[in-house]
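Scroll down for the structure; my scribbles are underneath it.
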Amino acid sequence: MQPVSVVRCAEYDIDRVEAAVRQALTLLGGMERFVQPGQRVLIKPNLLQPSDPARAIVTHPAVLRAVVRLAQEAGGQVLIADNPAVVPLTPRGWDSAYEKSGWAAVAAETGARLNREIVPQQRPHPEGRLIKRVDTSHFVTEADVVISVPKLKTHELMRYTGAVKNLFGTVPGATKFGYHVKLQTADRFAEMLLDLVSFVRPALTVMDAVVGMDGDGPSAGRPFPIGAILASADAVALDVAALTLVGHEPTTVPTVAKAVHRSWTSGRVSELEVRGEDLRGFGVRGFQLPAGRRATSGHMPAWLQQWGTRLLNASPVVGERCVGCGLCVENCPAQTIALVEGKARIRLADCIRCYCCHELCPEHAIELQQPALRPVMERMLGARRSLRARL
Ligand code: SF4
Ligand code: SF4
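Residues in the sequence shown are numbered from 1 upward in steps of one, following my numbering.
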């Protein structure tokens, strides 16, 4: 595993953030290790949905700005790009997304280019465990160097989104829906994400953990002050460090658990080379991860998976706040949402529990109701596992 640098940064003051990112890179040998003069550098932050950075949904512009400046100082030509799910792909849609997230100001100040088109591409990926052909975007294949700049957040499907999950944003717009339909368990989704890591091969990841998000992430949780910038050339190692930082066992997150199976990591922070601050010294307490989809992810026979998906995982329920905007209808991979009398209505029988609707609803009108059967079934599965362990 590559080293992970950890630097304190308690607020989004642009000078302090730049100093912290600079220090995080110095601890890894400097940006010059990753970017050579004249290279085309893709900076891939998180633009899940255009929103005020204070809501902690997008990578904060102060962190983005600092990474852009360091890449430019090393001589890179920077393009900033992501595949946001809810941006109309029109000049006005892009402008408004970049304005709202504060990234337009970063581009204006630094001269970095902001991507305004998505050209979907497919590429062979023979080393992929699960996906041998990858759906990607032109901005990935045209880059000499990829720098990923995720935000530390929770995620209803995968429990956590950070360095590895941020790369799902390289898959073009609606193509993502197909991945949700085909890969309905958290384990299979995690395998796909790891295949994206081995395809995209980010040279560097710089994580915005100044203020993260816990609870109902990645868009409806609460902003959670953490006070750190992390960096590494190894996306998995960085996630192991970030999960430890917020007080959680890394291997409870499917992407880390699957990376352990691939021998990419031991999943143990004790085996990480952490440079800079001591992770435990931050004293982060009370950062809540969602339950996620572990009930159907790993110990259940395949024939039970579909049944388990319905009975053991939370169901999306439309609440009073729905204004009938139709975004969830357009973005449901299973096409199981309709507008009825100006409100969204979900046909749960066909719902694959991907939680895209919960993630994307701008009104946070979709709640997730935990099924009453889940604790009983988890106890039964636990008993089955310990019986198998004894045999
Ligand atoms: S649930 Fe949310 S996304 Fe769906 S129609 Fe209502 S307000 Fe729009
Ligand atoms: S209703 Fe929501 S959770 Fe169910 S398949 Fe559609 S987007 Fe996914």
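For each residue, glycine too, the CB sits at the ideal point set by N, CA and C.
As far as DSSP is concerned, Ala56 takes part in no beta bridge. Here Glu320 has Ala365 as same chain residues with Cβ atoms under 8 Å from its own Cβ, once five neighbours each way along the sequence are excluded.
Of all C-beta pairs linking the region 276 to 289 to the region 245 to 254, three or more are shorter than 8 Å, placing the two stretches in contact. When secondary structure is reduced to three states using DSSP, His125 falls in the coil class, being assigned neither helix nor strand. Going by DSSP, Tyr179 is part of the alpha helix (DSSP H) stretching over Thr175 to Lys182. Runs of the alpha helix (DSSP H) spanning 4 or more residues and lying entirely within the region 59 to 134 occur at 61 to 73, 91 to 101 and 103 to 110, in chain order.
With a contact defined as Cβ atoms closer than 8 Å, Gln77 and Arg40 qualify at about 5 Å. Burial check for Leu348: the Cβ neighbour count within 10 Å stays below 16, so the residue is exposed. Judged by DSSP in its simplified three-state form, Asp216 adopts coil rather than helix or strand.
With contacts defined by Cβ atoms closer than 9 Å, Leu70 and Thr59 do not form a contacting pair. Taken through DSSP and simplified to helix, strand or coil, Gly283 comes out as coil.
Not one heavy atom of ligand 1 is found less than 8 Å from the C-beta of Ile80.
Ranked by Cα distance from Val318, the options Glu367, Gln335, Cys328 and Glu277 are led by Glu367. With distances taken between CA atoms, Ile80 lies nearest to Leu64 out of Leu64, Asp95 and Gly212. Counting the other CB atoms within 10 Å of its CB gives Val240 a total of 16 or more, which places it among the buried residues. Across the set Gly267, Glu330, Glu341 and Ala24, the C-alpha of Glu330 shows the shortest separation from the C-alpha of Pro88.
Ranked by Cα distance from Glu363, the first of Lys343, Cys354 and Gln370 is Lys343. Under the three-state reduction of DSSP output, Arg188 falls in the helix class. Put simply, the backbone Cα of Cys332 is about 7 Å away from that of Phe177.
For ligand 1, no non-hydrogen atom lies closer than 8 Å to the CB of Leu348. One thing to note: Leu312 has its Cβ no nearer than 9 Å to the Cβ of Leu360. According to the DSSP secondary-structure assignment, Gln369 is paired through a beta bridge with Ser315.
By a beta-carbon distance limit of 8 Å, Gln23 contacts Val7. Their separation comes to about 5 Å.
For Gly276, the beta-bridge partners assigned by DSSP are Val6. Annotated as distal: Gly212 and Ala62, with beta-carbon spacing of 9 Å or more. Sequence-distant partners of Cys356 (beyond 5 residues in either direction) whose C-beta falls short of 7 Å from its own C-beta, in its chain, are His180, Asn331, Cys332 and Pro333. Between the alpha carbons of Thr205 and Thr26 lies a distance of about 14 Å. C-alpha of Val21 to C-alpha of Pro150: approximately 13 Å in a straight line. Short of 6 Å from the beta carbon of Phe199, and not among the five residues preceding or following it, lie these beta carbons of its own chain, in chain order: His125 and Val134.
Residue state for Ser270 is assigned as helix, using DSSP reduced to three classes. Secondary structure at Asp208: strand, using DSSP grouped into helix, strand and coil.
Between the alpha carbons of Ala74 and Ala174 lies a gap of roughly 35 Å. With three or more CB-CB distances shorter than 8 Å, the region 136 to 148 counts as touching the region 161 to 172. According to DSSP, Arg201 shares a beta bridge with no other residue. Taken in chain order, the whole beta strand (DSSP E) runs of length 3 or more contained in the region 215 to 251 are 222 to 232.
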